[in-house]
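These notes are about the structure you will find just below.
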Amino acid sequence: MSREDPSALLQAGAARHAAGDLAGAERLYRQVLKRRPQEPNAHNLLGVLARQRGDRPGALHHTERALAAAPEEPVFLANRGAALAEAGRPAEAVIALRAALARRPEDPVTLRNLGQALCALGDAPAALAPLERAATLLPDAPEPLLALAHARREAGDAAGAAQAAETALARAGGEGALAAQARFLLAALGAAPAPDRAPAAYVRDLFDAFAPRFEAELAGRLDYRTPALLAGLLARSGVAPARRLRVLDLGCGTGLSGAALAPFARRLEGLDLSPRMLAEARRRGLYDALHEADLLDWLPAHPAGFDLVAAADVLNYLGDLGPALAAIHAALAPGGVAAFSVEAGEGAPFALGEAMRYRHDPAHVAGLAEAVGFAVAAREEAALRTERGVPVAGALLVLRRG
Ligand SMILES: C[S@@+](CC[C@H](N)C(=O)[O-])C[C@H]1O[C@@H](n2cnc3c(N)ncnc32)[C@H](O)[C@@H]1O
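In my numbering, the protein residues as written are 8 to 409.
Have a look at this one:
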């Protein structure tokens, strides 16, 4: 077969793809399309490749082209569904994934994707059957079981969730990122002690998945107010919105908090664990620099670099706030200001809630802040957002470094 032959090119591309040479594979797939612009397998594989790179528009484009040429092909439907889910379009994803499963009912990856898309739509009860089937079809894999544990928790079955998380933990061999996530879920269910923080991989995956629909959900359904409330408290604490400060937006997400902080900033930097949240933030064109990092790693390497460090709805992914407060203190120039929210709880310094976020006792947080050298400039109760129709009680703190 000649190297010019589209089938041979496709095969050679797939071999490179399997070997991890994404650029080489892409080159060959594109050569196929030059010869046969509608070739569905080349489009499908370019779609897979785009998903691997986190290129959501590319994935949507190529999976659509593949399906246009072969609308009944279950592999193309499955990849289309996965691309739609990753682009934050779970309702359309469910339709494509169900169509794929109608033709190939026992594909465990598609079953898992369907379950997760149903959870993203808020229909955890419907997610249980496909996730249970995926977990049965892959008896050694921890991933579908962990997804099942999350779905059961969301569906209100705490005991079933704990059982699935225990099995996922055993399947993961008790070690690695997946085991840490299973332990964290068990802790949120009250079946294990709360760790000092949410596992970084859990937070990253959670927000990577949430990124495309984050703003619509928070600003719309959840009536999210924290950035505006923090900016208001800063101004009332004597921090002028006069565009004079070097500002760091910790856990900047898609930039809702950056928009509220911009009036204070001569230079605005953002930092987040989630590359997909950062990609949304980058699109805003608001930040002078964006950093993909864990705040606990990044801050100590940047001493005295900022006049204002803010964290809106971020510290609730950490339990023990001592290390974070010390790191924020060190990253501030003398006289600098820290401003952040916590979800409020009392009776313990911190507790992990069922929603898998930590609550903190604001008085204890103020004590920790003073212990690392801050003066508390303001502390206020606030309703941070609404969840299932109920306001989430929180506290806002503004601290000044001496
Ligand atoms: C609920 S969002 C809030 C985003 C933004 N501050 C806002 O007000 O819209 C929380 C963000 O904090 C990030 N985050 C949580 N823990 C983090 C950590 N340890 N280091 C860096 N980013 C973190 C998450 O990835 C997520 O994007």
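C-beta atoms are modelled at their ideal positions from N, C-alpha and C, and glycine is treated no differently.
Keep in mind that this is a model prediction, so the values were computed, not measured.
Distance cut-off 7 Å: residue i Cβ against heavy atoms of ligand 1
i: ALA235; result: no
i: SER261; result: Sequence inspection shows Thr at residue 261; the Ser mentioned does not correspond to that position. It does: the Cβ of THR261 is within 7 Å (strictly closer) of some heavy atom of ligand 1.
i: ALA345; result: no
i: GLY258; result: yes
i: PHE214; result: yes
i: LEU255; result: no
i: ALA319; result: yes
i: TYR365; result: no
i: ASP301; result: yes
i: ASP279; result: yes
i: SER244; result: no
i: VAL210; result: yes
i: SER264; result: yes
i: TYR294; result: no
Start-to-end residues for the alpha helix (DSSP H) that takes in residue i
i: TYR209; result: 207-217
i: TYR294; result: From DSSP, TYR294 is part of no alpha helix (DSSP H); its letter is neither H nor E.
i: PHE313; result: First-last for PHE313: 313-318, but that is the beta strand (DSSP E), not the alpha helix (DSSP H).
i: PHE191; result: 183-195
i: GLU173; result: 165-178
i: TYR36; result: 29-42
i: PHE83; result: 81-93
N- and C-terminal bounds of the beta strand (DSSP E) containing residue i
i: GLY401; result: 397-408
i: HIS367; result: 365-367
Cβ shell of residue i (< 7 Å), same chain only, five flanking positions each side left out
i: ALA171; result: LEU152, LEU155, ALA156 and ARG159
i: VAL372; result: LEU328, VAL349 and LEU404
i: PRO64; result: none
i: ALA162; result: ALA131, PRO132 and LEU135
i: GLY352; result: ALA358, ARG366, HIS367 and ASP368
i: ALA165; result: LEU196
i: LEU40; result: GLU46 and ALA49
Cβ neighbours of residue i in the same chain (closer than 6 Å, five flanking residues each side left out)
i: MET8; result: Since pLDDT at MET8 reaches only 46, below the 50 mark, its modelled position is unreliable, and the value read off the structure follows with that caveat. Excluding sequence neighbours, MET8 sits near ALA15.
i: ALA390; result: PRO398
i: ARG211; result: LEU280 and SER281
i: GLY95; result: PRO219 and ARG220
i: ALA177; result: none
i: LEU53; result: TYR36 and HIS69
i: VAL246; result: VAL344
Cross-strand partners of residue i (DSSP beta bridge)
i: GLY277; result: ASP256 and LEU297
i: ALA345; result: VAL316 and LEU406
i: PHE381; result: ARG408
i: ARG204; result: LEU325
i: ALA15; result: According to DSSP, which records beta bridges pairwise, ALA15 is partnered with nothing at all.
i: LEU359; result: TYR365
i: ALA351; result: HIS367
i: ARG386; result: LEU404
i: GLU428; result: The requested residue 428 does not occur in the structure, where the chain is confined to residues 8 to 409.
i: LEU144; result: DSSP output for LEU144 lists no bridge partner at all.
i: LEU339; result: PHE313
Close beta carbons around residue i, own chain, < 8 Å, minus the five adjacent residues each side
i: ALA334; result: LEU302, LEU303, LEU306 and PRO307
i: PHE381; result: LEU332, HIS336, ALA345, LEU406, ARG407, ARG408 and GLY409
i: LEU118; result: LEU108, PRO137, LEU138, ARG140, ALA141, LEU144 and PRO151
i: GLN59; result: LEU29
Residue i CB to nearest heavy atom of ligand 3 below 7 Å
i: TYR324; result: Ligands displayed in this structure: ligand 1; ligand 3 is not among them.
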